[in-house]
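Asker: So that we are looking at the same thing, I have put the structure below in structure tokens.
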Amino acid sequence: MNAPAAVLARGLSRRFGDFVAVDALDLDIARGEVMGFLGPNGAGKSTTMRLLCGLLSPSGGSATVAGFDVAAQAQQVREHIGYMSQRFSLYADLTVRENLRFFAGIYRVPRAEQAARIEAALSMADLRGHGDDRVEHLAGGWKQRLALGCAILHRPPVLFLDEPTSGVEPAARRRFWDLIHDLAGEGVTVLVSTHYMDEAEYCHRIALIDRGRLVACGSPGELRARGLGGQLWSLGCDAPARAVQLLRGAPGVLDASMFGDRLHLLLDVAGPGMEPLLGRLAAAGLGAEAPRRIEPSLEDVFVRLVARRGAP
Numbered sequence: 017m018n019a020p021a022a023v024l025a026r027g028l029s030r031r032f033g034d035f036v037a038v039d040a041l042d043l044d045i046a047r048g049e050v051m052g053f054l055g056p057n058g059a060g061k062s063t064t065m066r067l068l069c070g071l072l073s074p075s076g077g078s079a080t081v082a083g084f085d086v087a088a089q090a091q092q093v094r095e096h097i098g099y100m101s102q103r104f105s106l107y108a109d110l111t112v113r114e115n116l117r118f119f120a121g122i123y124r125v126p127r128a129e130q131a132a133r134i135e136a137a138l139s140m141a142d143l144r145g146h147g148d149d150r151v152e153h154l155a156g157g158w159k160q161r162l163a164l165g166c167a168i169l170h171r172p173p174v175l176f177l178d179e180p181t182s183g184v185e186p187a188a189r190r191r192f193w194d195l196i197h198d199l200a201g202e203g204v205t206v207l208v209s210t211h212y213m214d215e216a217e218y219c220h221r222i223a224l225i226d227r228g229r230l231v232a233c234g235s236p237g238e239l240r241a242r243g244l245g246g247q248l249w250s251l252g253c254d255a256p257a258r259a260v261q262l263l264r265g266a267p268g269v270l271d272a273s274m275f276g277d278r279l280h281l282l283l284d285v286a287g288p289g290m291e292p293l294l295g296r297l298a299a300a301g302l303g304a305e306a307p308r309r310i311e312p313s314l315e316d317v318f319v320r321l322v323a324r325r326g327a328p
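Here the sequence shown stands for residues 17 to 328, where the numbers follow this note's numbering.
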């Protein structure tokens, strides 16, 4: 018999007037799973998290978190989750240890257990020896680790992280993700929203969200395997913006887009291939490097899936 989902949503929706921020989402997230919510700013990731945390009431559908209904049992939901927002929410004028003590009280950690849990949080966040440092003097990555330590003091079974590494340097982000996987290994279910495509690779599964809708859901490998439906090529050439316009819609070209200073071309495997396209560029006076076949990134997959779905 399968264990019940840690997070379950069916048709979950949220409207603000005529604006649909979350549009009929279905989710099944298992215990100990790291689920990434990936999408551009304004896609509905944060609103989805606030619904699942019991901070907003659904306009439609239903959801349970840690076995509690987010609409009917919002208080119980909040007691069984940890939440870390994209904005640093600790007290800069307090020390590391003072922040931990404060949140231990807020989360009603039994007084007899507070000292041990604070020491465990300091160890987890690699902040031993810094307990008396004022938070305002900590580097960005250290602040984020402290915020994570505060969010798990009450040992919640489900943890919500809303763009937790925004503005943090890459090395500190990688260390933060190591901590996330340590928690998942202990059975904590972790939901992470991010717009960093590279971070999504660290998740067990990814929910691609656009305009409040679930575009696709699966592991990074699964999404890359099924997301494109063609061969992806990278091409450097003169005037890439003009080249995109020239090649988009050409025979055998499923999609053409800018990717930094290069072109990404998605070609139909049954099409004429690259040679006619290079000829078209040459005829227009645009020099091009030798193209190379590449593996699709999650960004390629996301853009393609959104294009397939089309505008609402």
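Every residue, glycine too, gets a C-beta built ideally from N, C-alpha and C.
The structure displayed is predicted, hence computed values, not measured ones.
For the alpha helix (DSSP H) containing Asp194, name the first residue and the last one.
Answerer: 186 to 201
Asker: Run through DSSP, which three-state label would Cys253 get?
Answerer: strand
Asker: So what does DSSP say about Arg66, is it helix, strand or coil?
Answerer: helix
Asker: Out of Val260, Leu262, Leu283, Gln261, point me to the one whose CA is closest to Leu270's CA.
Answerer: Leu283
Asker: Is it right to say Gln91 is buried, meaning 16 or more other beta carbons lie within 10 angstroms of its own, or is it exposed?
Answerer: Exposed, since its Cβ has fewer than 16 Cβ neighbours within 10 Å.
Asker: So for Gly234, helix, strand or coil by DSSP?
Answerer: strand
Asker: Is Val208 closer than 9 Å to Glu215 when the C-beta atoms are compared?
Answerer: In contact: Glu215 and Val208 (Cβ atoms closer than 9 Å).
Asker: Sorted by chain position, which residues of the same chain lie with C-beta nearer than 6 Å to Arg31's C-beta, five sequence neighbours on each side aside?
Answerer: Ser75
Asker: Find the nearest neighbour of Gly289 within the set Asn57, Ala304, Leu154, Trp249, judged by alpha-carbon distance.
Answerer: Trp249
Asker: Taking the alpha helix (DSSP H) that Gly156 falls in, what are its first and last residues?
Answerer: Counting along the chain, the alpha helix (DSSP H) containing Gly156 begins and ends at 156 to 167.
Asker: Alpha carbon to alpha carbon, how far is Ala299 from Pro186? Give it in angstroms, no decimals.
Answerer: 43 Å
Asker: Counting only C-beta atoms, is Glu238 closer than 9 Å to chain C at any point?
Answerer: Given the protein chain composition of this structure (a single chain), no chain C is represented.
Asker: Residues in its own chain within less than 6 Å of Arg189 by CB, not counting five upstream and five downstream?
Answerer: Thr181
Asker: For the region 38 to 103, list the beta strand (DSSP E) runs that are entirely contained and at least 3 residues long, ordered along the chain.
Answerer: You should have 50 to 54, 76 to 81, 97 to 100.
Asker: So, for Asp149: in the same chain, excluding its five sequence neighbours on each side, which residues have a beta-carbon less than 7 Å away from its beta-carbon?
Answerer: Thr111, Val112
Asker: Let's test the definition: count the other Cβ atoms within 10 Å of the Cβ of His14 and tell me whether it reaches 16, buried, or not, exposed.
Answerer: Past the boundaries of the shown model lies residue 14; the chain is included only from 17 to 328, so the question cannot be answered.
Asker: Which residues mark the beginning and the end of the beta strand (DSSP E) in which Val269 is found?
Answerer: Residues 269 to 275.
Asker: Is the CB-CB distance between Gly83 and Pro20 below 9 Å?
Answerer: yes
Asker: Could you check where the beta strand (DSSP E) with Arg133 kicks off and where it finishes?
Answerer: First-last for Arg133: 127 to 140, but that is the alpha helix (DSSP H), not the beta strand (DSSP E).
Asker: What residue range is occupied by the uninterrupted alpha helix (DSSP H) comprising Asp214?
Answerer: Residues 213 to 216.
Asker: Based on the DSSP output, what are the partners of Ala304 in its beta bridges?
Answerer: Per DSSP, Cys253.
Asker: Would you list the one or two residues that DSSP bridges to Leu346?
Answerer: The first residue shown for the chain is 17 and the last is 328, placing residue 346 beyond what the model contains.
Asker: Using 9 Å as the threshold, is the C-beta distance between Leu81 and Met51 below it?
Answerer: As written in the sequence, residue 81 is Val, which differs from the Leu given in the question. Against a cut-off of 9 Å, the Cβ pair of Met51 and Val81 comes out as no contact.
Asker: Within 10 angstroms of its Cβ, does Ile122 collect 16 or more other Cβ (buried), or is it exposed?
Answerer: exposed
Asker: Roughly how many angstroms separate the alpha carbons of Pro328 and Arg227, rounded to a whole number?
Answerer: Note on Pro328: pLDDT 44, under 50, position unreliable in the model; the coordinate value appears next. Approximately 8 Å between the Cα atoms of the pair.
Asker: Would you mind giving the Cβ-Cβ distance between Met65 and Asp178, rounded to the nearest angstrom? I have them listed as a contact below 8 Å.
Answerer: 5 Å
Asker: Let's see if you can read the secondary structure: which residues bound the beta strand (DSSP E) around Ile225?
Answerer: 221 to 226
Asker: His280 by DSSP, collapsed to three states: which one?
Answerer: strand
Asker: Spatial neighbours of Arg133 within its chain, please: CB distance less than 7 Å, with the 5 preceding and 5 following residues excluded, ordered by chain position.
Answerer: Ala120, Val125, Leu169
Asker: Measuring straight from C-alpha to C-alpha, what distance separates Gly55 and Pro236?
Answerer: 14 Å
Asker: Measure from the alpha carbon of Ala229 to the alpha carbon of each residue in Asp39, Ala25, Val151, then state which is nearest.
Answerer: It should be pointed out that residue 229 corresponds to Arg in this sequence rather than to Ala. Nearest C-alpha to Arg229: Asp39.
Asker: Give me the Cα-Cα distance between Glu129 and His220, rounded to the nearest whole angstrom.
Answerer: 32 Å
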